[in-house]
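Residues in the sequence shown are numbered from 1 upward in steps of one, following full-length UniProt numbering.
Glycine residues also receive a C-beta, built at the ideal position from the N, C-alpha and C atoms.
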Amino acid sequence: MSDIRDVSAARPDERVVLITGAGSGIGAALARRIAAPHSALMLHARGADDAARQRLAELAAECRASGARCATVFGDLAERGAAEHVVHQTLAHFGALDQLVANAGHAQRQTLNALDPDTFNAAFAAMPAAFAALVKRATPALETSKRGRVIALSSFVAHRYRADAPFAATAAAKAALESLAKTAAAELAPHGVTVNCVAPGYTRKDRGPSAENASAWTRAAEATPLGHVAEPADVAALIAFLLSDEARHITGQVIHIDGGLTLG
1 MSDIRDVSAA RPDERVVLIT GAGSGIGAAL ARRIAAPHSA LMLHARGADD AARQRLAELA
61 AECRASGARC ATVFGDLAER GAAEHVVHQT LAHFGALDQL VANAGHAQRQ TLNALDPDTF
121 NAAFAAMPAA FAALVKRATP ALETSKRGRV IALSSFVAHR YRADAPFAAT AAAKAALESL
181 AKTAAAELAP HGVTVNCVAP GYTRKDRGPS AENASAWTRA AEATPLGHVA EPADVAALIA
241 FLLSDEARHI TGQVIHIDGG LTLG
């Protein structure tokens, strides 16, 4: 399902950006940061319930108020064909796709010993498999863009392993995501398209079960050398830079924004 208000063929001076997982957190912060005249944003969310759909509609309204043209699309990227559908809707609505931010994902604490096949498969379907499908479907459009960019959201859990904070399936899925992003960087480089990963550390949530868990956030801040957790806007600022013309010579990188969490 899509919201097709304010959409028509992309204009010559317009940047078309698809952001998955835009309903909250880093995705929403990025949308707010880059929403401006000459921007066309396709905002994706899973849309599991009416509240989630309403949040995305409100975000789209904010982005329009900042001068961007905006549309929304819903779908569970872990389902077969959903990633292709999201890209197809972007192209159908705007006639172009310049930049893709694969932000949708999740983290689940689980030990390797407790890992079951369903959880493992779900993590890979939602993250590396969805990323591969998004990039594959978007490649023809990205290759014709003069500002082609792909950003994948990884995580510190693919680089920091502790027995008291296990993320067996999520860490494996994010590591696979990073590997796929580097493959994409090599394959798309001849067309001037950059592909990078951003790996946040502990980042404050604006919704979900852990959002109001003060003790958990205190422990996260204590584990971070800089002494505080990131805000979604901190991560969004880095992504916005990587999408900019100033970052045109950066590709194939995993850039950590974690307050020093992965130093040791």
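Status (buried if at least 16 other CB within 10 Å, exposed otherwise) for residue i
{"i": "Pro128", "result": "buried"}
{"i": "Asp206", "result": "exposed"}
{"i": "Leu97", "result": "buried"}
{"i": "His44", "result": "buried"}
{"i": "Met1", "result": "For Met1, the predicted model reports a pLDDT of 45, less than 50, meaning its position is unreliable; a value from the coordinates is still stated below. So Met1 counts as exposed."}
{"i": "Arg162", "result": "exposed"}
{"i": "Gln54", "result": "exposed"}
Straight-line gap, residue i to residue j (C-alpha atoms, nearest Å)
{"i": "Ala165", "j": "Ile239", "result": "27 Å"}
{"i": "Ala199", "j": "Asp13", "result": "31 Å"}
{"i": "Glu231", "j": "Ala92", "result": "34 Å"}
{"i": "Phe124", "j": "Ala22", "result": "20 Å"}
{"i": "Asp228", "j": "Gly25", "result": "What sits at residue 228 in the sequence shown is His, not Asp. If you take the alpha carbons of His228 and Gly25, they lie about 17 Å apart."}
{"i": "Arg64", "j": "Cys70", "result": "6 Å"}
{"i": "Ala82", "j": "Leu226", "result": "39 Å"}
{"i": "Gly95", "j": "Val17", "result": "12 Å"}
{"i": "Val7", "j": "Cys197", "result": "Model confidence at Val7 stands at a pLDDT of 49, short of 50, so the residue's coordinates are unreliable; what they give is reported in the following sentence. Going by the C-alpha atoms only, they are around 29 Å apart."}
{"i": "Glu246", "j": "Pro117", "result": "43 Å"}
{"i": "Thr72", "j": "Ser66", "result": "16 Å"}
Residue i in three-state terms, based on DSSP
{"i": "Ala152", "result": "strand"}
{"i": "Val198", "result": "strand"}
{"i": "Val254", "result": "strand"}
{"i": "Val235", "result": "helix"}
{"i": "Thr224", "result": "coil"}
{"i": "Ser215", "result": "helix"}
{"i": "Ala20", "result": "Reading off the sequence shown, one finds Thr at residue 20, where the question assumed Ala. Looking at Thr20 - three-state DSSP - the assignment turns out to be coil, as it is neither helix nor strand."}
{"i": "Arg15", "result": "strand"}
{"i": "Gln110", "result": "strand"}
{"i": "Arg55", "result": "helix"}
Option nearest residue i by Cα separation, candidates the options
{"i": "Ala78", "options": "Phe120, Ala221 and Val235", "result": "Phe120"}
{"i": "Ile151", "options": "Val101, Thr111, His191 and Leu177", "result": "Val101"}
{"i": "Ile19", "options": "Ala247, Thr170 and Phe131", "result": "Phe131"}
{"i": "Thr194", "options": "Ser145, Thr72 and Ala175", "result": "Ser145"}
{"i": "Asp234", "options": "Met42, His256 and Lys136", "result": "His256"}
{"i": "Ala173", "options": "His191, Tyr202 and Ala126", "result": "Ala126"}
{"i": "Ala114", "options": "Ala52, His159, Leu242 and Phe167", "result": "Phe167"}
{"i": "Pro190", "options": "Leu41, Thr139 and Ala175", "result": "Thr139"}
heavy atom of the ligand NAD below 7 Å from residue i C-beta
{"i": "Phe74", "result": "Among the ligands in the structure shown, none appear at all, so the ligand NAD cannot be discussed."}
For the structure I just gave you, are there three or more beta carbon pairs, one from the stretch 179 to 188 and one from the stretch 246 to 259, closer than 8 Å? Cβ pair count under 8 Å is three or more, so yes.
Would you check if there are 3 or more beta carbon pairs closer than 8 Å linking the stretch 94 to 113 to the stretch 144 to 161? The stretch 94 to 113 vs the stretch 144 to 161: in contact.
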